[in-house]
Amino acid sequence: MSKKRILLLSEGFGFGHTQAAHALASALRRTNPGLIIRVLELGAFLHPTIAPWIFSTYRKTIVSQPKMYGRLYRSQSGKPLNEVLQFGLHRIFYRQASVVIDQLKPDIIICTHPFPNLIVSRLKRQGLKIPLCTLLTDYDAHGSWINPEVDRYFVSAPDVKRKLVKKGVPSRRIKVTGLPVHPSISQHHIPEEIYLEFGLRDMPTVMLMGGGWGLLDDKLLNHIVKWRDKVQLLFCLGTNEKARQQLLSEEIFRHPNIHVFGYTREIGKLMEVSDLLITKPGGMTCTEAMIKGVPMLFYNPIPGQEEENCLYFTEHGYGRELASLDELDGHFGELMEKQRDKSGRSHGNPRFVSRLFSQSVIELLR
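Note that the sequence shown covers residues 2 to 367 in the numbering used here.
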């Protein structure tokens, strides 16, 4: 078993897919140290020059044309991608995928994005004899994930399993595991140490995420910043360094209670001292917040998977959708009045998730 190789394939269309792949790799390494695990963004690996341009175009389309994206998402939600599109993706973008797989010689392949999933499925139809697993990284079951060659589906919740079954996937091939998160999310820290590490204060704290793609608009930011004398604000902008520098250059954001973060591996610590998270409802971000027990407010979900994620988390009581900026003042007012107690508020068990993934993968390896 110590020589078994696992290949995790993702794509750079958003941060969550690759984030999930690395989190799953960490979970597998913790429970099975002898495994050899490789994580690849397949398109970027095969086309390092043009892939960033494609990903950038995708992000711009999401930001500028969300309704169009939503219509496309819904039009394809009930069925797998058609053969013509699959053939085109293979010929144009993934022709060398089989060469990569032959070189790495994995014993099992796990995909966290629909595109490599359908490419490996196509290769299996052509004779590839490697078990294929698919990890759905949202709280929806879009048709693009579905291929008959998939040996095992890992899904976030029973609701997602029911959707897959309705679309014709055999129940025995679906494992409800939850979504894997980075080990740091499951760790608990002393709040006073976090305050000291990041220069924070022990006071009502609101965290904002979603700025990595420029999805937190000026109206929202300018409205929230009015509370800076009463509430500590943590703006997390991910890899969007341009947005971070812009905020830092504006006088209104230079305040002792305002902290602007770029990319950080310490999201878990920041969530642990936050009393409220305002975010776009991405599957991985919401899962991390749910595990940390941070109440969530969802702002302008993009039509498509974000709407479905938002629906799941609001229906199960983990957050609310923000209908207007005026409503935000009511939430901040409640925050000021409530007794702040973060002890014992975790809703999830990342170690249990790790065991479920590991057990399922080892079963297929055997």
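Backbone N, C-alpha and C fix where the C-beta goes; we use that ideal spot for every residue, glycine too.
From a predicted model like this one, the values you see are computed outputs, not experimental measurements.
- Of D160, I363, R367 and F358, the smallest CA-CA separation from A28 is found for F358.
- A direct Cα-to-Cα measurement between I292 and D276 gives close to 14 Å.
- E242 has its alpha-carbon roughly 33 Å from the corresponding atom of I120.
- Taking each of S99, F94 and L222 in turn and checking the Cα distance to F116, the smallest one comes out for F94.
- When rounded, the separation of the alpha-carbon atoms in P34 and G269 is 24 Å.
- The closest CA to that of C134, considering only D152, S145, G128 and I147, is found on D152.
- Boundaries cannot be given for E252, as no beta strand (DSSP E) includes it and DSSP labels it neither H nor E.
- Per DSSP, reduced to three states, the secondary structure at Y154 is strand.
- Pairing H260 with L234 gives a Cβ-Cβ distance under 9 Å.
- In the structure shown, Q246 adopts helical secondary structure according to DSSP, grouped into three states.
- Around the Cβ of E273, a 10 Å sphere holds 16 or more other Cβ atoms; the residue is buried.
- If you ignore the 5 residues before and after L323, its C-beta comes within less than 7 Å of the C-beta of L298, F299, Y300 and L329, all in its own chain and listed in chain order.
- Within the DSSP bridge table, the entry for M297 names L278 and G320 as partners.
- DSSP places L235 in the uninterrupted beta strand (DSSP E) bounded by Q233 to C237.
- Counting along the chain, F262 sits inside the beta strand (DSSP E) bounded by residues I259 to F262.
- For I102, the number of other beta carbons within 10 angstroms of its own is at least 16, and it is reported as buried.
- If you compare the alpha carbons of T286, A22 and R72 with that of M210, the shortest gap goes to T286.
- With the rule of 3 Cβ pairs closer than 8 Å, the segment 224 to 233 does not count as touching the segment 307 to 314.
- With respect to V177, V166 sits apart: the two C-beta atoms are not nearer than 9 Å.
- Closest in C-alpha terms to T280, from the list N258, G318 and M208, comes M208.
- For the alpha helix (DSSP H) assignment, the uninterrupted runs of no fewer than 4 residues enclosed by the segment 26 to 74 are, from N- to C-terminal side, 43 to 47 and 52 to 65.
- With a cutoff of 9 Å on beta-carbon distance, T206 and C237 are scored as not near each other.
- In the DSSP assignment, S145 falls outside any beta strand (DSSP E), carrying neither H nor E.
- Looking at the DSSP output, V182 bridges to nothing.
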